[in-house]
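Just below is one structure, and these are the notes that go with it.
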Amino acid sequence: MSVETPRPTAAEMEILAVLWDRGPSTVRQVHDVLGERRATGYTTVLKLLQIMASKGLVVRDESDRSHIYRAVHAQDAMQGELVGDLIDRAFAGSAAQLVMRALSQRPTDPGELAEIRTMLDEMLAARERRRR
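Quick note: the sequence shown uses numbering that gives the first Met the number 0, first residue 0, plus one each step.
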């Protein structure tokens, strides 16, 4: 992903989450999923998808009557870029500060803490193997 990738708004992130979960979708399909969470107008979703297409966040397949929208960037790539930007801007480049702040903001599920511990153990083991 290039440095020029626009930062999605909160509403655009909701739409991207639907596209990442469902895959390529029509405006109606995105609208229906978003409507399960809160009242959202069809034309609002359409307009947001049009804006997102002009920003390069989604592409539109116009080969059928119902246009199909697809996220340009994979979820992990977009999240990685957003987190990297957040680390740089809000935490002076410190991933440790980001993690400590994130974990102190709200209770963390024990399962998530176990996943974090496993990931840290794996990272330390990999670093140790590289040193040998």
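Yeah, the Cβ is synthetic: ideal placement off N, Cα and C, and Gly gets one too.
Could you tell me the alpha carbon to alpha carbon distance between residue i and residue j, rounded to whole angstroms?
i	j	result
Met122	Ala91	22 angstroms
Ile50	Gln104	33 angstroms
Glu35	Thr4	29 angstroms
Met0	Met77	Note that Met0 has pLDDT 47, beneath the 50 cutoff, so the model's placement of it is unreliable and the number below is only indicative. Cα-Cα distance, rounded: 8 angstroms.
Ala9	Arg126	36 angstroms
Arg100	Thr107	12 angstroms
For residue i, which of helix, strand or coil comes out of DSSP?
i	result
Asp20	helix
Ala70	strand
Arg59	strand
Arg6	coil
Any idea which residues DSSP pairs residue i with across the strands?
i	result
Ala25	Note that residue 25 corresponds to Thr in the displayed sequence, not to Ala. Its beta-bridge partners are Ile67.
Quick one, which of the options has its alpha-carbon nearest residue i's?
i	options	result
Leu119	Ser53, Ala94, Ala38	Ala94
Leu33	Val17, Ser62, Pro7	Val17
Glu11	Pro109, Leu45, Ala124, Glu61	Leu45
Quiz item: Could you give the uninterrupted runs of the alpha helix (DSSP H) lying entirely in the stretch 73–108, keeping only those of 4 residues or more?
Solution: Scanning the stretch 73–108 from its first residue to its last, the whole alpha helix (DSSP H) runs of 4-plus residues come out as 74–89, 94–104.
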